[in-house]
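Enquirer: Can you keep this structure in mind? I'll have questions shortly.
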Amino acid sequence: MSPICFDNSFRSGHGSSEQLSPPSGFAFTSQGHLVLSDDFNHRIQIYDNDQLLVSFGEKGKKNSQFNYPKGIALDKHGNIYVADSWNHRIQKFDSRGNHLQTFGSYGEGKGELNEPYDIMVEDSGNILVVERYNHRLQWFSPEGKSLGWIGQRGTVLEEHLAYFYETPANLFSSPAFEFPTSVGTDSLGNYFITDSGNHRIVKFNKNWQRILTFGERGEETGQFQYPLCVSIGENDLLYVSDLNNNRVQIFSPFGQFLDSLEQTDDSTPLKSPCLTAIDSHGKLYVGLTFNPRVFRFSTPSHSLESLAGDRVQSDSRNPEWATLQGQLAEQSAESLRATESYAKAIQLMRSEKNRDLSIKVFNPDLLLNLSRIVLKEHSPKKNETALLGGLEIFIRQLKYSREKVQKIYEAWEEVAREFSDKEFKKQLEILENREDPRIFNQELFNAEKQERILFRKIRAASHEHCRLSEQMTEYISNIVASQCSAVLIRAGCDNLVERLNELGEMFSANLATKEINELAMIKAFSELQADQSKWNIFRTNFLANNRIVLLFTPLLFELRTLLITFKCSAQVSTENQKIGAVLTEVIEQSPTNQIIPKILLGIQETRLAHTIIDTLWRDLIDTWIALRGENKKPSAKKLEPDYFSPIPFDIEDLNIEEIINSYNTENTALKTKAKQLIIGNSAYCTDSLPDTFAQRISQILESQTNYEAKNNELQDQLKDLYKQCRDLNQQLKRVNPQDKRTPISINNNISAVNFQISLLKRMILTLEVNEDHNINRLITGSALLATNKEVAQEPSVRSFYENLAIYHSQEETHVDCIAKKIKSFSFRFSDLKNQLLNLNLEQNIENVDRSIQLENEREEIKNDLEDLKLNLFRRSRICNRLDHLLDFLGQTNAYDKGRSIFELVPAICHSLTPMSPAIGTLAQPMGLAFDSSGNIFYVDQENHHVSRISQSGISLARFGGWGNGPGRFQYPVSLQLDRQDNVYVVDMNNQRIQKFLPDGEFLLAFGDCEEEGQRLGMVFSSSIDNEDNLWVADTPHHRIQVYDPNGKLINSIAPKDLKHPVGICCLENAEYLVADQSDDLIKRYDAGGNLLASLKRKETGFGDLYITTFSHTYGIFASDHWSSRILHLDSSLNIQGIYGNSGKRTGQFNRVGWMDTRDDLLAVADMCNNRIQFFDIKKTLSS
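As structure tokens, this is what we get:
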């Protein structure tokens, strides 16, 4: 790279040095004049080289006065915008300094500012303000109205912890900034922010999706100590003022360090540079913190391509430069050249055998870039060597990462136990009044310090491991989805199985240690009354198990990504036979098929992780069953007579083979063939049954009452322990800070209660497993009875089937009741959360007691919701298995329950786990729609994004993120597409609609800007009519709002009989459907608002129909979301069918999101099962 040449310095000849202060903002007019903020003199100056042309402003708070002005920007008319930093406002002037406008005031709300530091006028005319002390970027319209912001205060560590612990976005979300100070944009519309307190540069694309961060605190090249300003010059080179390192560093737009500037030609050092700017001729201007002069330099003009080529020659062993060549080629849409360069970089990375150096040069983004190009271009064959090399590198790095986590854990465990022992001795001194406050316990201090260091290290290593697992998942999924060769598929699948086995070994070893610790705790707990010193043993082992649970977090995340990779590989690959063979090994062949069930038995404390792995595992089994089809011959199984006996609920010797069998047969239909009963892949002989067989099966059914009673007992005990824990935590909050003794006993009791909670959760899990086995025996035995026609017609057997049907009906009633409770509790939980938020915003000390009370109530409801959800799926699983059995009994004429003609079994086509760069973050699809090409847009509600995917799950676009700025969401719930595939998103908590191009480019927002009486409330449902007008059900205002494609309100419809409309659906001929909260569940109106038809609420058993969609061929599909069922109606609102039940298996739902139809397909957003399911409507109706 040619050197940067010093041209000259100026701004030193106008009066004495006291009259000039260091510059704090640079901008250029269209004539090339420099506009400068004269910081300490509170004024703006305009220079033509060294000649001062204009100066305006003085210290003060009135218009045209400033208080430490900082950033400056000019619009296309030459108007000057100034960040009036300490007045917390923006002022606008004409080119001569005449005041035109002021907006903003001190605060952190919408339209308020806290030390605006830089400013940019976008092509749209909107003004982007960088707020240093609000740690965010806020947009304003040309009129000065706030359009929202992105960002919040946060460190890099906090970002990593939020990702690692999967913190909800409403509590902490990226991007996080720590004193952002400047913004710049390159020729492609990418944005760069100096995140000064985090010592890094953050890059966003034109849609404000973060795509890169680089830099960290330090003095080495590429490191920063408070980068204050970034400017983008010719060839999109970045010039960054590195304040405390006394230099300006130059980077490529992809973050590669290229050069640095540390002094002028006259050997004047660049002491504390704070400003950079590039004029239209490519000249670099630099301002210093303690010097009023402006320094000007000539910058290199040769291309980045030639610079990268030179570096490849001069630094040939460094893969960074081949990577840069690939990035530049990819940016220019030269895919072939890009893949060739990436292949060179991969070969260099692959050849590095030194472990430390291989970790240092490892670049996962390079590997992902290659896989994305291959996926887009369908070119795996010519890149096979590079892809295999990339896979080898990923495998090596992931192995290093896992070993690092385990090694840090082992060191942490040793130090933590030593610290626990010293801490207990100190606590004994306090409790026995032997503490001498004059003596500093250096040993305890050192042990605690070392324990904290290792705690931070394992969290950092765990975060890295989770990120790496997610990246490798995307890499393998992209390779398989690109229709790669059998060699690549085999290599990828072999790695998945190998990693699954490695994880199984790690879990097995650590679960064994956890079990030993638990036995020591139980023994110590039983001896506490006689010997209080046993608290040391109890607490030491309790904390040790907490550390094991933390160790499990990255391993469970990797396991989750493995299961997702298996599923995605199956849904995108054309090599079904090869993928099927791998899934057979994982699901059916011992010992690999035991890994997941055994892990699930050992992680009862972490219910969320348990639920996620359990859901993914069941979904993968259904994917394997669908892939396998009817080809495989079932295995003959002989059941001993003793098998058909009730299983006692308290048996802890769990049969792993029976657990596996339950997983694999739970969602399969029962059939008979050649005197055999077929359940899943097992075949049972039906020739003869023992004389007492019917009686024994009846006893199994009767034993379910014991399970019910025990489950209720354990749930009550768990609820009581939760309350004890909440009460103890409240006591701890109210302890006098000078009281050292009380917290010791309270914390001991909290540990004891939490341990009991853990044991109870294990007992509940054991009970669930045993009950599942009991039901399995009940299903198999009842079906075997039905195959013997003579026995099936006996009165005692008929009576048994009647009792079975009654039990089934009771369980269905329980499921409905629990679903309604979950809905009620969820709304209450949300309400409490909002109340707490409002109390905290008031920052009033008098609210402390009320805040503690609300937190206590919220925690209680949170625990209740957890238990309700667990109970829902326990009962749903029973109901769904009995559904299969009763269907079989009807087919064999053994017993006909007389099920409703409306209950239809949906004909499943397939289920889809969405793939994306954030593939490890489980999607929660809510809104959903087909585009004109058959691809799917869906709203990922809890992750506050919108994604576009193919019908095989391949990611085509992803946009959004938490916030209230343009293109950001707060709980988006539904979306609609117009005839051009533009996307309209209902942004619920921001109470607005946002419109985007299909690629995610933000166009406009509306619904929140009308006159007060026309603003939207918190809305949920929307629909597009034939003229691309958007209809919105404005629930709190009892009306339907209609907007044209430009967001203009053109109609407001409020029929007299409308009561809190929750759903809207446009039909043909300008007719429309409205679902509201009146006695009518859903109503149909003509274009004039006349009621044509309605469906009474009590006729269906459904709650409010938030979700409604229309098919020209098949009619209307609707759901109330919470019952996990779909209501099918014809155009006259007559019921055609009811589909689905609560559950985790294919064809079952965990909260139905939006639906859409295309041809014979019905796509359903299965929200809390993290997938989209597709059904064949024609086959469903014909069955």
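Residue numbers are given in UniProt numbering: position 867 of the sequence shown equals residue 867, and the series is strictly consecutive.
Just so you know, even glycine gets a beta-carbon here, dropped at the ideal spot from N, CA and C.
Values in this document were obtained by computation on a predicted structure and should not be read as measured data.
1) Sort Asp-691, Asn-49, Ile-744, Ser-932 by Cα distance to Phe-10 and report the nearest one.
2) Ile-625 and Thr-574 look like a contact to me (Cβ under 8 Å); what is the Cβ gap, rounded to whole Å?
3) Using 8 Å for Cβ pairs, my map puts Val-1152 next to Ser-1124. What's the rounded Cβ distance?
4) Using DSSP's beta-bridge definition, name the partner residues of Ala-929.
5) Report the rounded CA-to-CA distance for Asn-87 versus Gln-65, giving the unit in angstroms.
6) Over the uninterrupted beta strand (DSSP E) stretch that includes Pro-116, give me the two end residues.
7) According to the neighbour-count rule (16 or more other Cβ atoms, all chains shown, within 10 Å of its Cβ), is Cys-817 buried or exposed?
8) Quick check: what's the CA-CA separation for Val-1019 versus Ser-173?
9) Residues in its own chain within less than 6 Å of Arg-153 by CB, not counting five upstream and five downstream?
10) Alpha carbons only, please: which of Glu-1011, Ile-679, His-1060 is nearest the one belonging to Thr-1035?
11) Along the alpha helix (DSSP H) that carries Val-1019, what are the first and last residues, could you check?
12) Excluding the five sequence neighbours on either side, which residues of its own chain have a C-beta within less than 6 Å of the C-beta of Gly-184, listed in chain order?
13) Please state whether the Cβ-Cβ distance between Val-286 and Leu-261 is less than 9 Å.
14) Count the other CB atoms, across all protein chains shown, that sit within 10 Å of the CB of Tyr-722; report buried if there are 16 or more and exposed otherwise.
15) Return the bridge partner residues of Leu-904 from the DSSP annotation.
16) Beta-carbon within less than 7 Å of Arg-132's beta-carbon, same chain only, minus the 5 sequence neighbours each way: which residues are those?
17) Would you give the residue range spanned by the beta strand (DSSP E) that Tyr-285 belongs to?
18) Along the beta strand (DSSP E) that carries Arg-89, what are the first and last residues, could you check?
19) If you reduce the DSSP assignment to three classes, tell me which class Lys-671 lands in.
20) To which residues of the same chain is Ile-1067 closer than 8 Å at the C-beta, ignoring the five residues directly before and after it?
21) Using the rule of at least 16 other Cβ atoms within 10 Å of the residue's Cβ for burial, across every protein chain shown, is Pro-591 buried or exposed?
22) Beta carbon of Trp-1031, beta carbon of Ala-169: below 9 Å?
23) Quick check on DSSP: helix, strand or coil for Asp-1159?
24) Does the segment 943-961 come within contact of the segment 597-604, defined as at least 3 CB pairs closer than 8 Å?
25) Taking the straight line between their C-alpha atoms, what separation do you get for Val-769 and Lys-710?
26) Is Ser-124 near the ligand MG - that is, is its Cβ less than 8 Å away from at least one heavy atom of it?
27) Arg-296 bridges to which residues according to DSSP?
28) Could you spell out the range, first to last residue, of the beta strand (DSSP E) harbouring Ser-241?
29) Looking only at C-alpha atoms, which of Glu-320, Pro-1045, Arg-539 sits nearest to Asp-360?
30) With DSSP collapsed to three states, give me the class of Gly-390.
31) Roughly how many whole angstroms lie between the Cα atoms of Asp-619 and Arg-396?
32) Using a Cβ distance threshold of 8 Å, determine whether the segment 240-247 contacts the segment 270-279, with at least three qualifying pairs required.
33) Compare the beta carbon distance of Cys-466 and Asp-265 with 9 Å and say whether it is the shorter of the two.
34) Please state if the CB of Phe-1175 and the CB of Gly-1147 are separated by a distance shorter than 9 Å.
35) DSSP state of Arg-1039, grouped into three classes?
36) Three or more C-beta pairs closer than 8 Å, one from the segment 877-886 and one from the segment 802-815: is that the case here?
Expert: Well, looking at it:
1) Sequence index remark: in the sequence shown, residue 10 carries index 10 (1-based). Nearest of Asp-691, Asn-49, Ile-744, Ser-932 to Phe-10, Cα basis: Asn-49.
2) One-based indexing of the sequence shown puts residue 625 at position 625. One-based indexing of the sequence shown puts residue 574 at position 574. That belief does not hold up - the Cβ atoms of Ile-625 and Thr-574 are roughly 19 Å apart, past 8 Å.
3) In the sequence shown, the residue the question calls residue 1152 occupies position 1152. In the sequence shown, the residue the question calls residue 1124 occupies position 1124. Sure, about 6 Å apart at Cβ, within 8 Å.
4) As a working mapping, residue 929 is identified with position 929 in the sequence shown. Phe-937.
5) Locating residue 87 in the sequence shown gives position 87, counting from the first residue. Locating residue 65 in the sequence shown gives position 65, counting from the first residue. Distance between the alpha carbons of Asn-87 and Gln-65: 9 Å.
6) As a position in the sequence shown, residue 116 is number 116, starting the count at 1. Start and end: 116-121.
7) The residue labelled residue 817 in the question sits at position 817 within the sequence shown. Exposed, since its Cβ has fewer than 16 Cβ neighbours within 10 Å.
8) By one-based count along the sequence shown, residue 1019 stands at place 1019. By one-based count along the sequence shown, residue 173 stands at place 173. Rounded to the nearest angstrom, the two C-alpha atoms are 23 Å apart.
9) Sequence index remark: in the sequence shown, residue 153 carries index 153 (1-based). Same-chain partners within the cutoff: His-135.
10) Position 1035 of the sequence shown, counting from 1, holds the residue named residue 1035. Looking at the Cα atoms, His-1060 is the closest of the given residues.
11) For the purposes of this step, residue 1019 is taken as the residue at position 1019 of the sequence shown. First-last for Val-1019: undefined, no H or E at that position.
12) Start at 1 with the first residue of the sequence shown, and residue 184 comes out as number 184. Answer for Gly-184: Phe-192, Val-230, Ser-231, Ile-232, listed in chain order.
13) Numbered from its first residue, the sequence shown carries residue 286 at position 286. Numbered from its first residue, the sequence shown carries residue 261 at position 261. Contact flag set, yes.
14) Stepping through the sequence shown from its first residue, residue 722 is reached at position 722. With 16 or more Cβ atoms within 10 Å of its Cβ, Tyr-722 is classed as buried.
15) Within the sequence shown, the letter at position 904 stands for residue 904. Leu-904 pairs with Tyr-1139.
16) Stepping through the sequence shown from its first residue, residue 132 is reached at position 132. Taken in chain order, the residues that qualify are Glu-115, Tyr-117, Phe-179, Pro-180, Thr-181.
17) Taking the sequence shown and counting its residues from 1, one reaches residue 285 at position 285. Per DSSP, Tyr-285 belongs to the beta strand (DSSP E) from 283-288.
18) Along the sequence shown, read from residue 1 onward, the residue named residue 89 stands at position 89. 89-93 is the extent of the beta strand (DSSP E) around Arg-89.
19) Numbered from its first residue, the sequence shown carries residue 671 at position 671. In the structure shown, Lys-671 sits in a strand (DSSP, three-state: E or B).
20) Here residue 1067 corresponds to residue number 1067 of the sequence shown, with the count starting at 1. A quick correction: the sequence has Leu, not Ile, at residue 1067. Excluding residues within five positions, the ones whose Cβ falls inside 8 Å are Leu-1073, Arg-1084, Phe-1110, Ser-1131.
21) On the sequence shown, position 591 is the one that residue 591 refers to. Per the 10 Å Cβ criterion, exposed.
22) What you label residue 1031 is simply residue 1031 of the sequence shown in a count that begins at 1. What you label residue 169 is simply residue 169 of the sequence shown in a count that begins at 1. No, they are not a contact pair.
23) Within the sequence shown, the letter at position 1159 stands for residue 1159. Three-state DSSP puts Asp-1159 in coil, outside helix and strand.
24) no
25) Numbered from 1 along the sequence shown, position 769 holds the residue referred to as residue 769. Numbered from 1 along the sequence shown, position 710 holds the residue referred to as residue 710. Each residue's Cα considered, the two are about 13 Å apart.
26) Among the ligands in the structure shown, none appear at all, so the ligand MG cannot be discussed.
27) The count along the sequence shown starts at 1 and reaches residue 296 at position 296. Asn-8, Tyr-285.
28) Here residue 241 refers to the residue found at position 241 of the sequence shown. Run containing Ser-241: 238-242, per the beta strand (DSSP E) assignment.
29) The residue given as residue 360 occupies position 360 in the sequence shown. Correcting the residue type first, residue 360 is Lys in the shown sequence and not Asp. Ranking Glu-320, Pro-1045, Arg-539 by Cα distance to Lys-360 puts Glu-320 first.
30) Start at 1 with the first residue of the sequence shown, and residue 390 comes out as number 390. Of the three classes helix, strand and coil, the one that applies to Gly-390 here is helix, per DSSP.
31) Along the sequence shown, one-based indexing puts residue 619 at 619. Along the sequence shown, one-based indexing puts residue 396 at 396. Straight-line Cα distance between these residues: approximately 29 Å.
32) yes
33) On the sequence shown, position 466 is the one that residue 466 refers to. On the sequence shown, position 265 is the one that residue 265 refers to. Against a cut-off of 9 Å, the Cβ pair of Asp-265 and Cys-466 comes out as no contact.
34) For this step, residue 1147 is matched to residue 1147 along the sequence shown. For this step, residue 1175 is matched to residue 1175 along the sequence shown. In contact: Gly-1147 and Phe-1175 (Cβ atoms closer than 9 Å).
35) On the sequence shown, position 1039 is the one that residue 1039 refers to. Note: Arg-1039 maps to strand in three-state DSSP.
36) yes
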